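Here the structure is laid out as structure tokens; the discussion comes afterwards.
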Amino acid sequence: MSADARPSLGPGLDERVEDRFGRGLVDESFADVGDPLADLPDDLLVEVADAVRDTAIRDVLARLDEELVALHEVKRRVREVAALLLVDRMRRKIGLDSEPPTLHMSFTGNPGTGKTTVAQRMGEVLHKLGYLRKGHVVSVSRDDLVGQYVGHTAPKTREVLKRAMGGVLFIDEAYHIYRVDNERDYGQETVEMLLQMMENDRADLVVIMAGYKDKIDRFFSDVPGLSSRIGHHIDFPDYSSDELAQIARLMLDRQQYRFTPEAEEAFADYLARRMRQPRFANGRSVRNALDRLRMRHANRLWDAIDHDDATLSKGDLVTITADDIHASRVFDFAHDPETS
Amino acid sequence: MRITQGTFSYLDDLTDEQIAAQVQYGIDNGWAPQVEFTDDPHPRNVYWHIWGLPMFDLQDAAAVVHEVKRCREANPDHYIRVTIYDASRGRQTTALQFIVNRPAHEPGFGLDRQETHDRVIRYTLRSYAAQAPHGSRYDGEGPIGG
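Order-wise, the sequence lines are chains S and D. Quick note on this note's numbering: the first sequence kicks off at 1463 and runs consecutively. Quick note on this note's numbering: the second sequence kicks off at 21 and runs consecutively.
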């Protein structure tokens, strides 16, 4: 709508509200078609390129593919959701009706398998496709939702839900919200509000519940109606050692470090040992291991300066050697559960 | 008599989408919205009841529309307004304020003239609605806080 056609009514009032607060516009040339399903010929051609370009969805999916190692099942699901929303958008354009799909999800898997990262990307994808107006991710746990005394829970939960509107509400370890064994637990109230919001305000926010698979499954069986309101149950498998090595390489690249070929081997050895130890947390463990490696690397350089008064080359600053890795406690026999 | 006050007061009442668009403009500027209601329409009545809490750290206007709807449900025959505060000057300053709900019937105001000394006349604006006690004006039920 041009500004000359009528005087400005102020910010927000001049724009066509359906575009900002709806799911894409009906194209003007189809605006007065009464029943598009019956009235439009089946061989009518629809602009595809525009819709794909407008949403820049290819870039987002390509980045997802590039930056997340493995997780094929997860990527496939994200792609499916993206495809559905894109087709919805094109259908909307020629006036076909489409109900917004239910996009609440549950992410199950062990720690460090990329649930939070994928949730962030999901927000971005849904925003680019016009499903979410903002696409930000509000990450909460039981403490943020459940109150401590009677009458505290509902306002607290409502504040959080409001903050997440237009984006993704990511509930980590969702099963802690509700404790079956304690019927006076205030978590019940939170669950009820969540259920109501997930049903009635589907267009305003997407809820993603994350946690260990067995506990989430038990949570869903304890709270009838929750599982059926979640459209996508996505499982995050543990990474194989090759995939972990690939993750490490990606992380090193991003931080502008590199392994020597021997270090590469040593790190594979390190991963194999670390994976057998308790409390192994997939990607997160790799990140922590790299942080410690950088520390040892820095320490080694420091020692070199102290002892020989040597000059350092750029190569020294970016290269992590096998010795840095072998200094890890994981190689200590006393700490290896198989030999001790 | 239709009460006009705040921004857009001479336009038709805003639709929910338009309310959302206005609030979103405020949020995008980093301002904090708040919902208020009253059943005393006098123009000098500046302190309205607050509904819930002021809404800091919102990203999306849908949350405010959600609260407006809840407030309408609880106080259908009241004036409800959205006030959006700008804190960038170190104090909460009203940046934008508009009415989002009004009673179905607004009886308006009577003008009292008081004759005083030397033919001086003092004028007083008196709301017909406010002659009934607080809570039973506009045939509504009592006010319910958020």
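For every residue, glycine included, the Cβ atom is placed at its ideal position computed from N, Cα and C. Everything numeric in this text was worked out from a predicted model, so none of it was measured.
Determine which residues share a DSSP beta bridge with Pro53(D) and list them.
Ile104(D)
With a threshold of 8 Å on Cβ separation, who are the neighbours of Gly1628(S) within its own chain once the five nearest residues in sequence on each side are excluded?
Leu1594, Arg1595, Lys1596, Gly1597, His1598, Asp1666 and Leu1667
Enumerate in chain order the residues of its own chain whose CB-to-CB distance from Met75(D) is below 7 Å, with the five nearest sequence positions on each side excluded.
Ala52, Pro53, Gln54, Ala83 and Val84
Please confirm whether Asp1666(S) has its beta-carbon closer than 8 Å to some beta-carbon of chain D.
yes
Whose C-beta lies closer than 8 Å to the C-beta of Gly1484(S) among residues of the same chain, with five residues either side of it excluded?
Confidence is the limiting factor: at Gly1484(S) the pLDDT is only 45, short of 50, which leaves the residue's position unreliable, though a coordinate-based value still follows. Closer than 8 Å at the Cβ level, and outside the excluded window around Gly1484(S), lies no residue.
Please go through the segment 1501–1586 of chain S and give each complete beta strand (DSSP E) segment of 3 or more residues, from N-terminal end onward.
For the beta strand (DSSP E) assignment, the uninterrupted runs of no fewer than 3 residues enclosed by the segment 1501–1586 of chain S are, from N- to C-terminal side, 1567–1571.
Within a Cβ cutoff of 8 Å, which residues of the same chain sit near Arg1680(S), ignoring the five residues on either side of it in sequence?
Tyr1637
Nearest to Ala1626(S) by alpha carbon, out of Val1669(S), Asp1605(S) and Arg1641(S)?
Ala1626(S) has its Cα closest to that of Val1669(S), out of Val1669(S), Asp1605(S) and Arg1641(S).
Helix, strand or coil: which one does DSSP assign to Gln1739(S)?
coil
Please report the straight-line C-alpha distance between Glu1477(S) and Val1587(S), rounded to a whole angstrom.
For Glu1477(S), the predicted model reports a pLDDT of 48, less than 50, meaning its position is unreliable and no value from the coordinates is stated.
What first and last residue would you give for the alpha helix (DSSP H) that runs through Ile70(D)?
In the DSSP assignment, Ile70(D) falls outside any alpha helix (DSSP H) and lies within the beta strand (DSSP E) extending over His69 to Trp71.
Since Thr1564(S) and Gly1693(S) are thought to touch, with beta carbons under 8 Å apart, how far apart are those beta carbons, to the nearest angstrom?
4 Å
Just to confirm, are Gly130(D) and Met21(D) a CB contact at a threshold of 8 Å?
Met21(D) sits away from Gly130(D), with the two beta carbons spaced by 8 Å or more.
Local Cβ density within 10 Å of Ser29(D), reported as buried at 16 or more and exposed below that
Here Ser29(D) is exposed, its C-beta having fewer than 16 other C-beta atoms within 10 Å.
Please list the terminal residues of the continuous beta strand (DSSP E) segment that includes Ser147(D).
Ile141 to Ser147
Hey, would you say Arg122(D) sits closer than 8 Å to Asp132(D), going by beta carbons?
Against a cut-off of 8 Å, the Cβ pair of Asp132(D) and Arg122(D) comes out as no contact.
List the residues of chain D that Gly1629(S) touches, going by C-beta distances under 8 Å, in chain order.
Per Cβ cutoff of 8 Å: Gln79 and Asp80.
Where the alpha helix (DSSP H) containing Arg1661(S) begins and where it ends
Reading off the sequence shown, one finds Glu at residue 1661(S), where the question assumed Arg. That run of the alpha helix (DSSP H) goes Gly1649 to Asn1662.
In chain order, what residues of the same chain have a beta carbon less than 6 Å from the beta carbon of Glu37(D), not counting five sequence neighbours either side?
none
Along chain D, which residues have their Cβ under 7 Å away from the Cβ of His1598(S)?
Gln79
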